[in-house]
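Written below as structure tokens is the structure these notes are about.
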Amino acid sequence: MEVVIRPDAYAAGRTAAGIVQQALADGVTTLGLATGSSLLQVYRDLARRHRHEGLSFSGVDAFLLDEYVGLPALDPQALAQEIRRELTDHVDLDPARLHLPSGTAPDPAAEARRIEQRLTEAGPVGLQLLDIGVNGHIGFNEPGSSLASRTRLKTLTDDTRREHARFFGGIADVPRHVITQGLATIGQASHLVLIATGPHKAGAVTAAVEGPVTAACPASVLQLHPHVTVVVDELAASRLAQKAYYRCIARHKPVGQRY
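Next comes the structure, spelled out in structure tokens:
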């Protein structure tokens, strides 16, 4: 696992955007997209690179990691709307190639199976962007999720609903269920890039990077993947025991390349 520590959220976002740009230049045609506060600067910088540096998404298929159950795609709080607001409305990604779970499918379990099948048909995602929750979830794979889980219907914990309540009118308005790619589904991507910023992410980052691999911290499964880049700001890295080692390694290799 490659850990890259940057001074602040702005620098972390630029670093992660650079990894995406290099992946596209290297021929990656399938991206996995996620939502979350740590990813906002990444998407803003990708949009800037599209406007000013010619970065193109025209040949890319993109898969959104998850969606709330019960929210129409045009609801302002739907994750489909968030990814459009933050990224896809600002770049040249073909809307027909943005693949979204439907939060209003009459059978959410069947919708999850459809997404899993579509991912299988598309082949491995070339690069998957990830955020991490304060309880260690990636996607909406809450603590206790099977490390072998596939795309499925999942119930949100109260901790996660409280974390997301700021985007709604309060916790009572946060949906209780989501469709999310599973940990094994996420792990099929060729390159996983996790971005975490802010002091509230420090505990989860430490557990994911330096703790044991355990379902109690779903993001710890990233330790088993052959190509993972974790980009954090100083605040999110504040509890890492091996910071000096990560900085030493970063000085001697290009960011994002496989070890």
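Here the sequence shown is numbered in full-length UniProt numbering, starting from 1 and rising by one per residue.
We put the beta carbon where it would ideally sit given N, CA and C, even for glycine.
Just so you know, these numbers come straight off a predicted model, no measurement behind them.
Residue burial classification, Cys-217 (beta-carbon count within 10 angstroms, cutoff 16)
Classification for Cys-217: buried.
Where Ala-165 and Leu-127 are concerned, what is the direct C-alpha to C-alpha distance, given to the nearest angstrom?
The straight-line gap separating the alpha-carbon atoms of Ala-165 and Leu-127 is approximately 29 Å.
Answer with buried or exposed for Thr-197, where buried requires no fewer than 16 other C-beta atoms within 10 angstroms of its C-beta.
It is buried - the Cβ of Thr-197 has at least 16 other Cβ atoms within 10 Å.
In the structure shown, what three-state DSSP assignment does Phe-140 receive?
Here DSSP, grouped into helix, strand and coil, assigns Phe-140 to coil.
Along the chain, where does the alpha helix (DSSP H) that runs through Asp-159 open and close?
Run containing Asp-159: 158 to 164, per the alpha helix (DSSP H) assignment.
Take the Cβ of Thr-30 as the centre, count every other Cβ of all protein chains shown within 10 Å, and call the residue buried at 16 or more, exposed below.
Counting Cβ neighbours within 10 Å, Thr-30 comes out buried, since at least 16 surround it.
Going by DSSP, what residue range makes up the alpha helix (DSSP H) through Arg-51?
Run containing Arg-51: 40 to 53, per the alpha helix (DSSP H) assignment.
Whole-angstrom distance between Glu-53 and Ala-215, CA atom to CA atom:
Ala-215 and Glu-53 have their alpha carbons spaced roughly 41 Å apart.
Per DSSP, which one or two residues make a beta bridge with Ile-179?
Beta-bridge pairing links Ile-179 to Glu-67, Leu-153.
In the DSSP assignment, what are the bridge partners of Ala-196?
For Ala-196, which the question treats as bridged, DSSP gives the partners Val-232.
Taking Ala-23 as the reference, give the member of Pro-76, His-227, Ile-186 with the closest Cα.
Comparing Cα positions, the closest option is His-227.
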